[in-house]
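The opening residue of the sequence shown carries number 1 in UniProt numbering; numbering runs sequentially from there. Remarks on the structure that follows.
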Amino acid sequence: MTDTDSFREFREFREFVAARGLALSRTAFLLTGDHGQAEDLLQETLVKTAARWRRVTAAADPEAYVRKIMLNQLRTWRRPRRLTFVPTAEVPEPPARSDQSAQTELKIVLRHALVVLSPKQRIVLYLRFYEDLPEAEVAARLGCSVGTVKRHTHDALKRLRTAAPQLLEKVFS
1 MTDTDSFREF
11 REFREFVAAR
21 GLALSRTAFL
31 LTGDHGQAED
41 LLQETLVKTA
51 ARWRRVTAAA
61 DPEAYVRKIM
71 LNQLRTWRRP
81 RRLTFVPTAE
91 VPEPPARSDQ
101 SAQTELKIVL
111 RHALVVLSPK
121 QRIVLYLRFY
131 EDLPEAEVAA
141 RLGCSVGTVK
151 RHTHDALKRL
161 RTAAPQLLEK
171 VFS
């Protein structure tokens, strides 16, 4: 591989992250229920993706490939993590934010609701309802039976109804 090829691959990877990074970040949050853990999951996923970028782009749907890396990374994650800090000369300014106070309550409720679910339940709900995959496809991706997917879905929804009934009000209002 020449330097030109590496530069082109790096540029393609950077463009992919710029275009799909926000969606991948939302996915990581839905899977972890915590912004800090979501950032860690996304970062580790992107590091693995960058190392395999040629294989990723050869796939029919690179984003689906990256999401699969993320799901596999989450399934093998070990917590707690040791944090490392990189000192900088100046503290960066936080990005300007628009007023999102109307959604703050819903975000807090969602975060607390996601915490009561097991990682497997979050993965199943994400694949079933966010990615809109049928039960058979979820079972194939997770390497389990359709019955297991149904059980995880049922148990997760039951826990969510108990832990955060106000989510149902928001969905159906």
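Note that the Cβ used here is the ideal one computed from N, Cα and C, for glycine as well. Fair warning: this is a prediction, and the values are worked out from it, not measured in the lab.
Reference residue i, options the options, closest by Cα
i: H112; options: D34, Q43, H152, D40; result: D34
i: V149; options: A163, Q166, F129; result: F129
i: I123; options: Q43, A60, T27, A136; result: T27
i: F10; options: S25, R67, T49; result: T49
i: L110; options: A164, R151, V47; result: A164
i: T32; options: F13, R75, R14; result: R75
i: D61; options: G36, R20, W77; result: R20
i: D155; options: R67, A139, V116; result: V116
i: T57; options: E90, V17, N72, S25; result: V17
i: L114; options: E63, E15, T162; result: T162
i: F13; options: L30, V138, T45; result: T45
i: L71; options: G147, A38, I108, R151; result: A38
i: P119; options: T88, L41, E15, F7; result: L41
i: E131; options: T88, K68, Q166; result: K68
i: L125; options: S25, F7, L30; result: L30
i: T104; options: R8, T4, L167; result: L167
Environment of residue i [buried if 16+ CB atoms lie within 10 Å]
i: Q121; result: buried
i: L22; result: exposed
i: L160; result: buried
i: L106; result: exposed
i: A139; result: buried
i: V66; result: buried
Span of the alpha helix (DSSP H) around residue i
i: L42; result: 35 to 51
i: L117; result: From DSSP, L117 is part of no alpha helix (DSSP H); its letter is neither H nor E.
i: R161; result: 146 to 163
i: A136; result: 135 to 142
i: L71; result: 62 to 76
Does the region 53 to 64 come within contact of the region 132 to 149, defined as at least 3 CB pairs closer than 8 Å? The region 53 to 64 is not in contact with the region 132 to 149.
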